[in-house]
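**Q**
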Amino acid sequence: MDFICRFEPSDRVNPPIGNVGAENAESVLDSVKNVFLRNEDWPPVREKPDQEPTIYPAPTPAPAPAPPSDVINATGTFILAKSKKRIGITTISGWPETKTEMTTRCVDLPLGRVCTDVPVIYHRSCTKGIFLDLEFPSSIEDEIEDCLKTSAVVAILASIVTAGATLVPTFIAAVKICLRAKGAEAVADLLSAELVVDSECGDWHPI
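As structure tokens, this is what we get:
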């Protein structure tokens, strides 16, 4: 690499830096040359990276939460789906019912018309249905059906006709024993039963 130093006259006055004679010109040029030769390329060239920067894949979106099932609700709480079954105990037809209501009646007398409230008896005929409503976890529905067919449970159901609600705890205990024998001990205690009476009646008629 060749360097050329050119000295041109200038009107600007610089502070004296010493006398540079002809004998020192070569050493000055060598010093200047050494300064520039420290970097072969000037200005320095920015080196390119050896490889492209790593491109990370876009974050995978979180999967949508699964809809609540029979045993897990939206908040993650463990629950059990319940089933209900109605067992017909007996039906009684022609069940009489009566009621009394006050009705205003008037009579004509020689001195004028007199009105007063009198009781009137009404009657109607009904059909009574006695039922045992069961509630239990849906997971043991098949076991419940099997237990209701056992001789012990059938005998208790027949006795409820005369004994009424007093035999309901005995019925529940018998079904629980059957459920435990079938391996459903963990949920056997979730069985509940209630004796209910439904009526279908005709219209009221005064006697």
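The letter at position 133 of the sequence shown is residue 133 when you use my numbering, and the numbering goes up by one with no holes.
Built from N, CA and C at the ideal position, the CB exists for glycine as well.
Predicted model, so just to flag it, every value in this text is computed and none were measured.
1) Should the region 191-202 be called in touch with the region 118-131, which here means at least 3 C-beta pairs below 8 Å?
2) If you follow the alpha helix (DSSP H) that S93 is part of, which residue opens it and which one closes it?
3) With H, G and I counted as helix, E and B as strand and the rest as coil, what does DSSP make of I130?
4) I need the DSSP call for G164, collapsed to helix, strand or coil.
5) Taking Cβ positions, are C126 and E101 nearer each other than 9 Å?
6) Looking at K85: is its Cβ nearer than 9 Å to the Cβ of L134?
7) Under 8 Å: do the region 108-118 and the region 153-161 share three or more Cβ pairs, one atom per stretch?
8) Can you round the beta-carbon distance between S83 and E145 to whole angstroms, since I take them to be within the 8 Å contact cut?
**A** Judging by the given coordinates:
1) Flag = yes, the region 191-202 and the region 118-131 touch.
2) In the DSSP annotation of this structure, S93 is not part of any alpha helix (DSSP H); the continuous beta strand (DSSP E) holding it starts and ends at K82 to L109.
3) Strand, per DSSP.
4) Per DSSP, reduced to three states, the secondary structure at G164 is helical.
5) With a cutoff of 9 Å on beta-carbon distance, C126 and E101 are scored as not near each other.
6) Against a cut-off of 9 Å, the Cβ pair of L134 and K85 comes out as a contact.
7) Because the criterion of three Cβ pairs below 8 Å is not met, the region 108-118 and the region 153-161 do not touch.
8) About 11 Å; that fails the 8 Å criterion.
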